[in-house]
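Undergrad: Chains as they are written, first to last, in our numbering: chain A, 13 to 211; chain B, 13 to 211.
All residues carry an ideal CB built from backbone N, CA and C; glycine is no exception.
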């Protein structure tokens, strides 16, 4: 699931920046695959709880897996929203030149966070989980940069594009938040304490 | 939890429309109570699963309760975001006069949806769960109305207010989405089928 979400977010960003309708359509269609995996994964998790009556760490791990699948499903939705923004503005490019690099960077950092989160999941790597927290600061800073660009007196793309950019910034930010949440859950399962007390 | 979320959303909307800083601060502070109830509720749910080894409907109900508490926690966050928008613009009112009625209506419909969802939870009322689906269409239509107002050539409040209104509209919409999701979960638990196949 995490791998598919990473591909979806990467493709959604490319579709957005290059007005690639085919790629946008692919991200939109493939979201159903992520939803189906979640459905199947959750059914298997609940089945395991029912059959094995797990307690303590085993039960906590299974409950956490339900929460993480919900995070990943939502991350897929957000990639889907970005792809829909690309499709809505086609054949134009949704992102104006002044913001192209910032959105590209936001997509890159978001994909990096998802990639690290996938490794955190695979390897239970708590050091990497802490790195993900720091990477999320980059996303927040890029998000602020978008808003600052929209507020510059030289902004010439009007309200509609400003609305698009506000929502796109929000989608990337929320997607990264969910990845951070997954990394924190793994961190907590492994160490028994929170990576960030303010979480 | 649902009752507190309803109060939070009602107060957040009043704080936003009347620039009431005290009320905004209260919503922001009280979000910690909602988070704490979720934490306690989830701990009790997991404890029940561990001690009673439930299967079939009992287990599904407990798993659904974990999902619903996550929805409610997020709805509290969104009320908190709205209250923060009120605080950020204080002593000014965040919402310009042209959008005041629409935001008021959005808040009203959102609170109505949360109120009905609370009853759906208490009474397992499947008829009311279907009503919530329809009420959500009102939210979507109000959300479109906000965007249309921002795009009118007569819009004179600039980009910053447009960004605020875009995000506020999104917060109400997402909050209603989570309430709909809770109603659907109850509907599914009671009837064994989905209220909306496209969900």
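Identify the contact partners of residue 142 of chain A in chain B, using a Cβ-Cβ distance below 7 Å as the criterion.
TA: For the purposes of this step, residue 142 of chain A is identified with residue 130 of the first chain, where counting begins at 1. Simply none; closest approach about 23 Å.
Undergrad: Looking only at its own chain, which residues have a Cβ that is under 7 Å from the Cβ of residue 112 of chain A, when we skip the five neighbours before and after it?
TA: Working through the first chain from its first residue, we reach residue 112 of chain A at position 100. Counting only Cβ-Cβ distances below 7 Å, and skipping sequence neighbours, we find 29.
Undergrad: According to a CB-to-CB cut-off of less than 8 Å, which residues of the stretch 69-81 of chain B neighbour chain A?
TA: The residues in question are 71, 72, 75, 78 and 79.
Undergrad: Return the Cβ separation of residue 81 of chain A and residue 35 of chain A in integer angstroms, given the expectation that the two are a contact with Cβ distance under 8 Å.
TA: As a working note, residue 81 of chain A is residue 69 in the first chain. As a working note, residue 35 of chain A is residue 23 in the first chain. The pair is not a contact, with the Cβ atoms about 25 Å apart (cut-off 8 Å).
Undergrad: Looking at C-alpha atoms only, which residue of A:101, A:166, A:14 and A:59 is the closest neighbour of residue 27 of chain A?
TA: Counting from one through the first chain, the residue named residue 27 of chain A turns up at place 15. Ranking the options by Cα distance to residue 27 of chain A, first place goes to A:101.
Undergrad: Out of A:74, A:143 and A:180, point me to the one whose CA is closest to residue 201 of chain A's CA.
TA: Against the first chain, residue 201 of chain A aligns to sequence position 189. Closest option to residue 201 of chain A, Cα to Cα, is A:74.
Undergrad: Can you tell which of A:68, A:197, A:149 and A:189 has the C-alpha that lies nearest to the C-alpha of residue 133 of chain A?
TA: Indexing the first chain from 1 puts residue 133 of chain A at position 121. The residue with the shortest Cα to Cα distance from residue 133 of chain A is A:197.
Undergrad: From the beta carbon of residue 159 of chain B, is the nearest beta carbon of chain A less than 8 Å away?
TA: Position 147 of the second chain holds residue 159 of chain B. So, interface residue.
Undergrad: Might you give, ordered along the chain, the residues of its own chain that have their beta carbon closer than 8 Å to the beta carbon of residue 32 of chain A, omitting 5 neighbours on each side?
TA: The residue you call residue 32 of chain A lines up with position 20 of the first chain. Around residue 32 of chain A: 26 and 98.
Undergrad: For residue 129 of chain B, collect the residues of the same chain with a Cβ closer than 7 Å to its Cβ; drop the 5 residues on either side in sequence, then sort them by chain order.
TA: Working through the second chain from its first residue, we reach residue 129 of chain B at position 117. Contacts found: 14, 144, 191, 194 and 195.
Undergrad: Check whether chain A comes within 8 Å of residue 65 of chain B, counting only Cβ atoms and requiring the distance to be less than that.
TA: Working through the second chain from its first residue, we reach residue 65 of chain B at position 53. So yes, residue 65 of chain B belongs to the interface.
Undergrad: So residue 118 of chain A is in the alpha helix (DSSP H); what residue range does that whole segment cover?
TA: Residue numbering aside, residue 118 of chain A sits at position 106 when the first chain is read from its first letter. Unbroken alpha helix (DSSP H) run through residue 118 of chain A: 109-135.
Undergrad: Taking C-beta to C-beta, are residue 183 of chain B and residue 45 of chain B nearer than 8 Å?
TA: Position 171 of the second chain, counting from 1, holds the residue named residue 183 of chain B. Position 33 of the second chain, counting from 1, holds the residue named residue 45 of chain B. No; because the gap between Cβ atoms is not below 8 Å, this pair is not in contact.
Undergrad: Report the three-state DSSP secondary structure of residue 204 of chain B (helix, strand or coil).
TA: To locate residue 204 of chain B, count along the second chain from 1; it is residue 192. Three-state DSSP puts residue 204 of chain B in coil, outside helix and strand.
Undergrad: Using a threshold of 8 Å, state whether the C-beta atoms of residue 142 of chain A and residue 131 of chain A are closer than that.
TA: Your numbering for residue 142 of chain A matches position 130 in the first chain. Your numbering for residue 131 of chain A matches position 119 in the first chain. No. Outside cutoff.
Undergrad: Which residues of chain B have a Cβ atom closer than 7 Å to the Cβ of residue 201 of chain A, listed in chain order?
TA: Counted from its first residue, the first chain places residue 201 of chain A at position 189. Within chain B, no residue comes near residue 201 of chain A; the closest Cβ sits about 13 Å away, beyond 7 Å.
Undergrad: Counting only the same chain and skipping the five closest in sequence on each side, list residues whose C-beta sits under 6 Å from that of residue 49 of chain B.
TA: Against the second chain, residue 49 of chain B aligns to sequence position 37. So the list reads 13, once near-sequence residues are dropped.
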